[in-house]
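*Asks:*
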Amino acid sequence: MSVQQPDKGTILIVDDSPSSLEALFDFLTMAGFQVLMAPDGESAIEKVKHTCPDVILLDIIMPGIDGFETYRRLKANQSTQDIPVIFMSALSQTSVVVKGFQLGAVDYITKPTQQEIILARVTTHLTIQKLRRSLQAQNEQLQQEIQQRHQAEAALQEANEELSRLATLDSLTQLANRRRFDECLNQWWRILAREQLPLSLLLCDVDFFKLYNDSRGHQAGDECLHQVAQAMKRAVKRPADLVARYGGEEFAVILPNTHGQGALQVAEQIRSSVTALAIAHPSSSISQYVTLSIGVSFTIPCHNCCPEQLIAVADQALYRAKASGRDRAVFIRFSHTQNLERCVYWNTTAIQQQTQQNI
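What follows is the structure, encoded as structure tokens:
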């Protein structure tokens with residue numbers, strides 16, 4: 000009783016000789032291959048449309064289209080162009096053999112064929128074909144993994160960017176938070192110290208905000224801060240400027256390349272924008288609406304000083320704005336060489352007078 004060999008692959012034999020077809024069919028079948036047969040080139044092309052073999056044994060001299068033309072048509076088809084083809088022929092001239100290899104054949108067997116040689120060559124090229132397909136599959140998998148990794152890296156980068164943005168964003172007002180303010184102020188201090196260009200800072204405080212919170216409730220207080228923040232953001236128009244929530248009801252504005260006069264003008268735009276919101280504030284003793292007090296400081300940064308000194312001067316200016324009646328801006332210039340300050344008060348009744356001063 001014969002033991003059936005395991006299926007080692009599919010071979011298509013194309014030969015116009017019935018005896019050659021039958022002999023190769025029986026031998027290769029016994030060797031464990033699945034064998035297909037075609038008596039001519041046209042039949043072979045039709046057969047591979049339905050079953051794609053692993054290797055093709057192709058006779059050259061056949062009626063109709065010969066083996067060379069059959070091979071050209073197989074190569075022209077994307078689904079069959081990678082099938083290894085072994086030419087078989089009684090023609091042993093060097094020019095014929097070279098032509099077969101030039102077309103792209105993987106091997107050439109001269110008739111009359113020896114079955115052992117056919118088996119060895121078929122097995123070799125089947126092994127090469129399987130290795131090639133395995134390598135191709137691995138490459139495709141690798142490309143897919145690379146693409147997935149790139150997608151994962153892009154998603155991770157996007158997530159990190161979002162986390163970085165959130166880490167520097169105040170969730171209530173959607174302005175820069177204190178951390179971002181500190182980073183930005185230090186960065187501009189270094190740049191402008193090197194270039195010897197001006198830097199102005201505004202500290203803004205919502206007048207009597209505790210009374211507003213106590214009378215209207217914390218939810219209304221949060222909404223008030225959000226509206227004030229957005230009004231400030233609209234009033235500060237340059238991309239390089241930064242509006243930040245400094246803490247509680249206090250806001251800060253960094254104005255690089257801005258002298259004191261320009262900073263006071265921005266302060267008035269902010270103050271006017273907030274007043275124009277007409278947020279009712281019955282508990283305020285200075286206005287029926289929510290207002291701002293603003294401290295303005297200006298300097299030309301240097302390496303011998305630090306941003307904290309500019310903040311301290313702006314805070315002092317803010318204190319004076321509150322002490323002098325609120326709903327106004329007070330300017331103090333920070334001097335590195337003198338312990339004196341120039342103080343300018345700005346409110347709605349003195350705007351024209353103060354803008355004419357040499358600040």
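Each residue of the sequence shown is one higher than the one before, starting from 0 at the first, in numbering that gives the first Met the number 0. Ideal Cβ positions, reconstructed from N, Cα and C, are used throughout, including at glycine.
State buried or exposed for residue 236, treating a residue as buried only when at least 16 other CB atoms are found within 10 Å of its CB.
*Replies:* By the neighbour-count rule (16 or more Cβ atoms within 10 Å), residue 236 is not buried but exposed.
*Asks:* In terms of residue numbering, what span does the alpha helix (DSSP H) encompassing residue 203 cover?
*Replies:* Per DSSP, residue 203 belongs to no alpha helix (DSSP H); it is in the beta strand (DSSP E), 198-205.
*Asks:* With C-beta atoms as the reference, is residue 291 less than 8 Å away from residue 203?
*Replies:* For residue 291 and residue 203, yes; Cβs fall inside 8 Å.
*Asks:* Based on the DSSP output, what are the partners of residue 249 in its beta bridges?
*Replies:* 204 and 246, per the DSSP bridge assignment.
*Asks:* So, are the CB atoms of residue 210 and residue 282 less than 8 Å apart?
*Replies:* Against a cut-off of 8 Å, the Cβ pair of residue 282 and residue 210 comes out as a contact.
*Asks:* Cβ atoms of residue 184 and residue 269: under 8 Å apart, would you say?
*Replies:* Result no, Cβ atoms of residue 269 and residue 184 do not sit closer than 8 Å.
*Asks:* What is the DSSP secondary structure of residue 332, counted as helix, strand or coil?
*Replies:* Note: residue 332 maps to strand in three-state DSSP.
*Asks:* Cβ of residue 122 versus every heavy atom of the ligand NAD: is any distance shorter than 7 Å?
*Replies:* What this structure holds is no ligand at all, so the ligand NAD is not there to describe.
*Asks:* Hey, would you say residue 266 sits closer than 8 Å to residue 295, going by beta carbons?
*Replies:* Yes, Cβ-Cβ distance for residue 266 and residue 295 is below 8 Å.
*Asks:* Count the C-beta pairs between the stretch 8-17 and the stretch 32-43 that are closer than 8 Å, then say yes if the count reaches three, no if not.
*Replies:* Enough Cβ pairs lie closer than 8 Å, so yes.
*Asks:* Which residue wins for smallest C-alpha separation from residue 102, given the options 20, 113, 83 and 115?
*Replies:* With distances taken between Cα atoms, residue 102 lies closest to 83.
*Asks:* Check residue 18 in the structure and name its three-state DSSP category.
*Replies:* Residue state, collapsed to three classes: helix.
*Asks:* Please report the distance separating the alpha-carbon of residue 105 from that of residue 66.
*Replies:* Each residue's alpha carbon lies about 14 Å from the other.
*Asks:* With distances taken between CB atoms, is the gap from residue 255 to residue 191 smaller than 8 Å?
*Replies:* Yes, these two residues count as a Cβ contact at 8 Å.
*Asks:* Classify residue 31 as helix, strand or coil using the three-state DSSP reduction.
*Replies:* Three-state result, residue 31: coil.
*Asks:* Hey, residue 263 and residue 328: beta-carbon distance below 8 Å or not?
*Replies:* Yes, the pair counts as a contact, with Cβ atoms nearer than the cut-off.
*Asks:* Would you tell me roughly how many angstroms separate the C-alpha atoms of residue 114 and residue 80, rounded to the nearest one?
*Replies:* So the two alpha carbons sit approximately 26 Å from each other.
*Asks:* Tell me the rounded alpha-carbon separation between residue 85 and residue 18.
*Replies:* Spanning the two alpha carbons is a distance of roughly 19 Å.
*Asks:* For residue 62 and residue 39, which I take to be in contact (beta-carbon distance under 8 Å), what is that distance rounded to the nearest angstrom?
*Replies:* Confirmed, about 6 Å.
*Asks:* Residue range of the alpha helix (DSSP H) that residue 285 falls in?
*Replies:* Residue 285 -> no alpha helix (DSSP H), and no H or E assigned at all.
*Asks:* If you check the beta carbons only, do residue 234 and residue 250 fall under 8 Å apart?
*Replies:* Not a contact, by the Cβ cut-off of 8 Å.
*Asks:* Taking a contact to mean a Cβ-Cβ separation below 8 Å, would you say residue 275 touches residue 200 in this structure?
*Replies:* Contact flag unset, no.
*Asks:* Helix or strand or just coil, what does DSSP make of residue 56?
*Replies:* In this structure, residue 56 counts as strand in the three-state DSSP scheme.
*Asks:* Please classify residue 231: does DSSP put it in a helix, a strand, or coil?
*Replies:* Reduced to three states, the DSSP call for residue 231 is helix.
*Asks:* In angstroms, rounded to a whole number, what distance separates the CA positions of residue 412 and residue 306?
*Replies:* Limits of the chain in this structure are 0 at one end and 358 at the other, which puts residue 412 out of reach.
*Asks:* I need the straight-line Cα distance from residue 284 to residue 188, nearest angstrom please.
*Replies:* C-alpha separation (whole angstroms): 38 Å.
*Asks:* Consult DSSP for residue 337 and reduce its assignment to one of helix, strand or coil.
*Replies:* With a pLDDT of 48 at residue 337, under the threshold of 50, the predicted position of this residue should be treated as unreliable, though the coordinate-derived value follows. Residue 337 falls in the coil class under three-state DSSP.
*Asks:* Compute the distance between the beta-carbons of residue 121 and residue 54, then report whether it is under 8 Å.
*Replies:* Yes, they are a contact pair.
*Asks:* Helix, strand or coil: which one does DSSP assign to residue 79?
*Replies:* Reduced to three states, the DSSP call for residue 79 is coil.
*Asks:* Give a yes or no on whether the C-beta atoms belonging to residue 177 and residue 230 are separated by under 8 Å.
*Replies:* No; because the gap between Cβ atoms is not below 8 Å, this pair is not in contact.
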